[in-house]
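Chains as they are written, first to last, in numbering that gives the first Met the number 0: chain A, 0 to 270; chain B, 0 to 270.
The structure under discussion appears below in the form of structure tokens.
There are 2 protein chains.
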Amino acid sequence: MPEIILSRRNEIIQSAIRLSGSADYRRERGLYFLEGARLCSDAACSGVAVQKLLYTERAGEKYAKYLSSVLKTAREVYLVGPQAAQALSCTKSPQGIFCVCEMPRKIQHIADLNRSGPYLALENLQDPANMGTILRTAEALGVYGVILGGSCCDIYSPKVLRASMGAVFRMPVFVEENLPSAFLGLNRRGFLTAAAVPDSDALPVTKMNFSVPCVLTVGNEGNGLTEETRKACSVQVTIPMLGRAESLNASAAAAVLIWEMMRNRAGGAGL
Amino acid sequence: MPEIILSRRNEIIQSAIRLSGSADYRRERGLYFLEGARLCSDAACSGVAVQKLLYTERAGEKYAKYLSSVLKTAREVYLVGPQAAQALSCTKSPQGIFCVCEMPRKIQHIADLNRSGPYLALENLQDPANMGTILRTAEALGVYGVILGGSCCDIYSPKVLRASMGAVFRMPVFVEENLPSAFLGLNRRGFLTAAAVPDSDALPVTKMNFSVPCVLTVGNEGNGLTEETRKACSVQVTIPMLGRAESLNASAAAAVLIWEMMRNRAGGAGL
Numbered sequence: 000m001p002e003i004i005l006s007r008r009n010e011i012i013q014s015a016i017r018l019s020g021s022a023d024y025r026r027e028r029g030l031y032f033l034e035g036a037r038l039c040s041d042a043a044c045s046g047v048a049v050q051k052l053l054y055t056e057r058a059g060e061k062y063a064k065y066l067s068s069v070l071k072t073a074r075e076v077y078l079v080g081p082q083a084a085q086a087l088s089c090t091k092s093p094q095g096i097f098c099v100c101e102m103p104r105k106i107q108h109i110a111d112l113n114r115s116g117p118y119l120a121l122e123n124l125q126d127p128a129n130m131g132t133i134l135r136t137a138e139a140l141g142v143y144g145v146i147l148g149g150s151c152c153d154i155y156s157p158k159v160l161r162a163s164m165g166a167v168f169r170m171p172v173f174v175e176e177n178l179p180s181a182f183l184g185l186n187r188r189g190f191l192t193a194a195a196v197p198d199s200d201a202l203p204v205t206k207m208n209f210s211v212p213c214v215l216t217v218g219n220e221g222n223g224l225t226e227e228t229r230k231a232c233s234v235q236v237t238i239p240m241l242g243r244a245e246s247l248n249a250s251a252a253a254a255v256l257i258w259e260m261m262r263n264r265a266g267g268a269g270l
Numbered sequence: 000m001p002e003i004i005l006s007r008r009n010e011i012i013q014s015a016i017r018l019s020g021s022a023d024y025r026r027e028r029g030l031y032f033l034e035g036a037r038l039c040s041d042a043a044c045s046g047v048a049v050q051k052l053l054y055t056e057r058a059g060e061k062y063a064k065y066l067s068s069v070l071k072t073a074r075e076v077y078l079v080g081p082q083a084a085q086a087l088s089c090t091k092s093p094q095g096i097f098c099v100c101e102m103p104r105k106i107q108h109i110a111d112l113n114r115s116g117p118y119l120a121l122e123n124l125q126d127p128a129n130m131g132t133i134l135r136t137a138e139a140l141g142v143y144g145v146i147l148g149g150s151c152c153d154i155y156s157p158k159v160l161r162a163s164m165g166a167v168f169r170m171p172v173f174v175e176e177n178l179p180s181a182f183l184g185l186n187r188r189g190f191l192t193a194a195a196v197p198d199s200d201a202l203p204v205t206k207m208n209f210s211v212p213c214v215l216t217v218g219n220e221g222n223g224l225t226e227e228t229r230k231a232c233s234v235q236v237t238i239p240m241l242g243r244a245e246s247l248n249a250s251a252a253a254a255v256l257i258w259e260m261m262r263n264r265a266g267g268a269g270l
């Protein structure tokens, strides 16, 4: 029988709330917080190290199927009362399933890229909902791994995790503060590094040849890529104008660009 | 010198707050509420009938450029105090520019379609952020008009207006409760009505010929299109599987489908 936590002042609850709200605290502890039956189950099934599982009695009945996969791997299990569950939750009607998970111990960098990709690099992407949606889109369309360049928002924030639908657990993630110098290294290794720019002088993405090792690079929502990163890329690509394509939002532009990259790579495969 | 409103209890403020929060009240009054310098200016420049403009003294200085276009067309103008502005706003730090606008008097239906499109039809789309993003994407990529089928969320809600970046003001919008019967009529008029489905038996969107009068039809976030609408469409299209494409979110899937439709129509145009 798992230990029961009723009070929202319990220190396990308080620590989980801090993990949910603070990127600094997440980094300091090497842990992050998950909410929701599907997301917790996705994490467990994807090999994420689940340090703590917390769930309400009602969730135990209602989400038994999702819970079973988490129960198998979680190192500590707690039953929580409704008040404690409400304190943990970001929603008004919590499902009542929560996990505390360990971040991967080893942070991978661009030097660790060991496949021809395709990779998606994001530079200074700030909005968690955009970040989550773009990660979900990248996974859905078959991108192999994601590179986080400059200072992106924390991919372990609850908003990113939720919008990514668990893509964060399944895709290789690489971190690189200095994209320009890392890209120069990739160019030397024969990678195509493509900078997405809203610039009619750039090569239309429909004219590209992505059937080589490649990294598609998308910049900040408002400001695009930094000058240095643009210059370090081996080619500049753009979405050819049909309507007012410059006014696509970041995640829609990323969807079109990733789609075109994958469509081009699939080439003869009957698409 | 415009009239000054200081109290949040003023009935103009109270009515604007109700317009912001209630779709029923919006329909009853034929009015909607806008917030933000850029959005209010977009509305005025797009020929929207602005019934009331409300702004703070500070906004009058900071956003003079945006304000000037609204001042030219607004029928009533009010200066509001900081407390009234805070009561009107959905954000913590309001820009301090607000409008009450009139909905178009005549609601257009599918029978009014007078161009070959391309059109985007949305059925039972519920999430305002998705709706707004999809409208923005459709406009950006050059879709001519949007058809709202079944019971979609209200396009005049503040969330849709914000996410659409004003596309609502600029695109022709058609409303049709009963899509299936309207689509049968469109088919007889020679339109291609294409149902987007997550079904590997459907025609890959990359194999379609969209260079005819056409309507691309996208369904509800969780449930897709209704059986009746799917059957009424002249063809079923799908995003061919590259990764786990069935797990694209609604707005990313719409972006890829719209992009492919427009790419195909542009055909020889050098894309």
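We treat Cβ as the ideally placed atom computed from N, Cα and C, and that holds for glycine.
Asked	Found
Determine the direct distance from the alpha carbon of E122(B) to that of T225(A), and round the result to whole angstroms.	40 Å
Can you pull the chain A neighbours of A274(B), defined as C-beta to C-beta under 7 Å?	Residue 274(B) lies beyond the range of chain B shown here (0 to 270); nothing can be said about it.
Starting from S246(A), find everything on chain B with Cβ-Cβ shorter than 9 Å and list it in chain order.	R135, E138, A139, M164, A166
Spell out whether any CB of chain A is found under 8 Å from the CB atom of G266(B).	no
Which residues, in chain order, does the stretch 65-99 of chain B contribute to contact with chain A at a C-beta distance below 8 Å?	none
Using a Cβ-Cβ cutoff of less than 8 Å, which residues in the same chain neighbour M170(B) once the five nearest sequence positions on both sides are dropped?	L134, A137, E138, V142, Y143, G144, V145
Determine whether the Cβ of R243(B) lies closer than 8 Å to any Cβ atom of chain A.	yes
List, in order along the chain, the chain B residues whose C-beta lies closer than 8 Å to that of M261(A)?	L241, G242
For the stretch 181-211 of chain A, enumerate the residues whose C-beta is nearer than 8 Å to any C-beta of chain B, in chain order.	P203, T205
Taking the continuous alpha helix (DSSP H) assigned at G131(B), which residues delimit it?	127-140
Would you report the Cα separation of Q271(A) and L147(A), rounded to the nearest angstrom?	Outside the displayed range of chain A (0 to 270) lies residue 271(A), so it cannot be described from this structure.
Need the endpoints of the beta strand (DSSP E) that K51(A) sits in, please.	49-54
Hey, does T132(A) have any beta-carbon neighbour from chain B nearer than 8 Å?	yes
Please check the pair L178(B) and G149(B), which I expect to be a contact at CB under 8 Å, by giving their CB distance rounded to whole angstroms.	6 Å
Report all residues from its chain with a CB closer than 6 Å to the CB of Y155(B); omit the five preceding and five following residues, and keep chain order.	R25, Y31
With a floor of 3 residues, list each beta strand (DSSP E) that falls wholly inside the stretch 193-255 of chain B, ordered by position along the chain.	213-217, 234-237
Return the bridge partner residues of E34(A) from the DSSP annotation.	F97(A)
Find out if the Cβ-Cβ distance for the pair C152(B), P127(B) is shorter than 8 Å.	yes
Looking at A265(A): is its Cβ nearer than 8 Å to the Cβ of L53(B)?	no
Could you say which of L33(B), L191(B), V196(B) lies nearest to A84(B) if we only look at CA atoms?	L33(B)
Nearest CA to the CA of C232(A): which residue from G189(A), F182(A), I238(A), S210(A)?	F182(A)
For Y118(A), list the residues DSSP reports as bridge partners.	G144(A), V214(A)
Over what stretch of residues does the alpha helix (DSSP H) that includes Y65(A) continue unbroken?	63-72
Can the beta-carbon of R28(B) be found less than 8 Å from the beta-carbon of A86(B)?	no
E176(B) by DSSP, collapsed to three states: which one?	coil
By Cβ distance below 6 Å, which residues in the same chain neighbour C39(A) in space, the five residues on each side in sequence not counted?	L33, V69, I96, C98
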